[in-house]
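Take the sequence shown: its letters are residues 1 to 300, numbered as in the UniProt record's numbering.
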Amino acid sequence: MQRQRSFQAETVGRLYLVPTPIGNLDDMTFRAVKTLKAVDLIAAEDTRNTQKLLNHFDITTKQISFHEHNTQERIPQLLAKLQAGQQIAQVSDAGMPSISDPGHELVVACAQAQIPVVPLPGANAGLTALIASGLAPQPFYFYGFLDRKPKDQKAEIGELAQRPETLIFYEAPHRLKKTLANLAAGLGAERPAVLCRELTKRYEEFLRGSLSELADWAATDTVRGEFVVLVGGNPHPTTEEDTVDLSEPIPVQVDRLIAAGEKPNAAIKEVANLRHLKKQDVYRVYHHLDQEQEDPTDER
């Protein structure tokens, strides 16, 4: 167990996680500006992008780049500075560090080194979209970006199909058409959904409808801007137990799992779990054994 008291006197520095606006610079908090002015160094995802923000608020703190391509190189350097007593703020290009942006690995390294990590509240595209979407705000399931490869993306969507929570995704404009088509195919064409475009900016827009309607829109309209995609949860999720036909003979169920690639012992165990039976009993039924014969898969 580790205990962090963020603001007690420490001999080492602190890592401040500072959210930045997702579009409208007026969403920068007073505390965020004050923190960026006070720290010794800002670790930024893109120093050129962050410099525009710093110039706007007259912040002169020195920057160092910290992004997905130099994480392993930078973390030891930043840890050394923190252990020497420097105060460091970490920012991404927009929104909260670590949320579909760099930051998590540095947080883990600081926690392991017992360096305090201090989070500041601020802008987040997913939650900003959620509260105005009209979909159930809780529970929700934040997923972020789906895989770019079509096969892997379809597999991810299939795993999410039964979730009852409102689903939150991020997507780039050039991939939106295909992603919406895959969501409609994998989750159901009539599942309610909302597209949130250019949040907090001049052309902020919400498109509400079914996944099929939104997929049709993306296929015919000019798609611009960064998107948050929200999809209503499955109101009637089914579990593996719901799909079990208890009237079907046990050997048939086991054989089906084996035909799908399961090893015999694993198939027997799965059928036993689904039917709430002992594995030994399913084994005996499957192999047509008398009760007195021992199950060789029994590990007792």
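Where is the CB? At the ideal position from N, CA and C, for every residue including glycine. Predicted model, so just to flag it, every value in this text is computed and none were measured.
Of all C-beta pairs linking the segment 181-198 to the segment 85-101, fewer than three are shorter than 8 Å, placing the two stretches out of contact. Shown here, residue 166 sits in a strand according to DSSP, grouped into three states. By the C-beta criterion, the segment 16-25 is judged not to be in contact with the segment 69-77, since fewer than 3 inter-stretch pairs fall below 8 Å.
Its Cα nearest to that of residue 51, the residue 94 stands out among 170, 6, 166 and 94.
For residue 100, there is no enclosing alpha helix (DSSP H), since its DSSP letter is neither H nor E. Counting only the Cα atoms, residue 158 lies some 28 Å from residue 199. Contact between residue 18 and residue 90 holds: their C-beta atoms lie close to 7 Å from each other, under 8 Å.
Residue 170 counts as buried, since at least 16 other C-beta atoms from the protein chains shown sit within 10 angstroms of its C-beta. Between the C-alpha atoms of residue 262 and residue 287 there is a straight-line separation of about 17 Å. Contact between residue 146 and residue 179 holds: their C-beta atoms lie close to 6 Å from each other, under 8 Å. Within the same chain, 166 come within 6 Å of residue 136 by CB-CB distance, once the 5 residues on both sides are set aside. Between the segment 28-39 and the segment 48-63, the count of Cβ pairs shorter than 8 Å is three or higher; the stretches touch. For residue 64 and residue 77, the gap between their C-alpha atoms comes out near 10 Å. DSSP places residue 8 outside any beta strand (DSSP E), giving it a letter other than H or E. In this structure, the alpha-carbon of residue 248 lies about 11 Å from that of residue 271. A check of alpha carbon separations from residue 174 across 190, 227, 53 and 201 identifies 227 as the nearest.
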